[in-house]
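Engineer:
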Amino acid sequence: MRQQGFTLIELLLGLIVSGILASLATPSFKGLLESQQRQGVAQSLAAGLRYARTEAIARNQPVVIHAREDDWSQGWRVIVDVNGRGYLDDDNPVLLEHQDNGGVAIVGNGPVKNQVRFSGLGEPVFSGGGFRAGTVHVCTTDQAQSLYQVVLAPSGRISLRSERAEQALCRSYSGTQVLRAASEPAAPWAWRR
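Mapping the sequence shown onto the numbering used here, position 156 (from 1) lands on 157, and the numbers just tick up by one.
Structural data, given as structure tokens:
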């Protein structure tokens with residue numbers, strides 16, 4: 002009777018070929034995971050802004066969403082601005098807090114560099130009045146490019162765009178180094194298409 006099976010050499014060759022194929026697929030898989038992480042962070046930030054706006058309208062009080070440690074990459078906090086001092090007042094009630102590890106670079110342009118205040122009408126305003134509009138960019142880690150943009154219109158509308166674009170605010174960084182944004186002048190026409 003003849004037995005069917007694999008020889009040791011055939012098994013080793015199969016293992017080597019499997020290893021080579023796995024090593025070729027790993028970089029693509031890593032890129033996919035990073036892309037999904039950036040997309041999730043962008044969606045979470047847009048949801049946080051929408052939540053802050055909704056709470057401001059529901060409470061008819063100013064609500065502030067601000068970057069933790071002045072860096073959107075570290076997360077954000079939504080607070081009711083009871084005394085008008087914003088996130089500098091520790092007595093303001095915290096409605097929502099999102100913590101992140103800084104693994105995804107997130108930067109905002111001048112008007113939304115580290116905070117957004119919504120009036121009781123749901124309009125994004127500066128603390129002294131005046132409408133605020135801006136863009137928060139979710140950046141790549143290896144190039145100065147913005148992959149996702151959370152756009153805040155003067156009306157309070159929040160939209161999420163997924164356009165790969167060169168962005169001076171996005172600076173390359175390595176590891177878990179925190180990316181700090183330099184302010185850029187506000188361009189009120191930039192959010193229009």
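Ideal Cβ placement from N, Cα and C applies to all residues, glycine included.
(1) From the DSSP output, in three-state form, read off Phe7 for me.
(2) Take Arg54 as the anchor and find which of Gly157, Glu164 and Arg172 has the nearest alpha-carbon.
(3) Between which two residues does the beta strand (DSSP E) harbouring Cys140 extend?
(4) Just to confirm, are Ser160 and Ala57 a CB contact at a threshold of 8 Å?
(5) Can you round the beta-carbon distance between Ala154 and Ala134 to whole angstroms, since I take them to be within the 8 Å contact cut?
(6) What is the DSSP secondary structure of Gln144, counted as helix, strand or coil?
(7) Do Val117 and Leu50 count as a contact pair if the criterion is CB distance below 8 Å?
(8) Tell me the rounded alpha-carbon separation between Phe127 and Gly111.
(9) Identify the continuous beta strand (DSSP E) that holds Leu161 and give its terminal residues.
Structural biologist: Let's see:
(1) coil
(2) Gly157
(3) Gly135 to Cys140
(4) no
(5) 6 Å
(6) coil
(7) yes
(8) 12 Å
(9) Ile159 to Arg162
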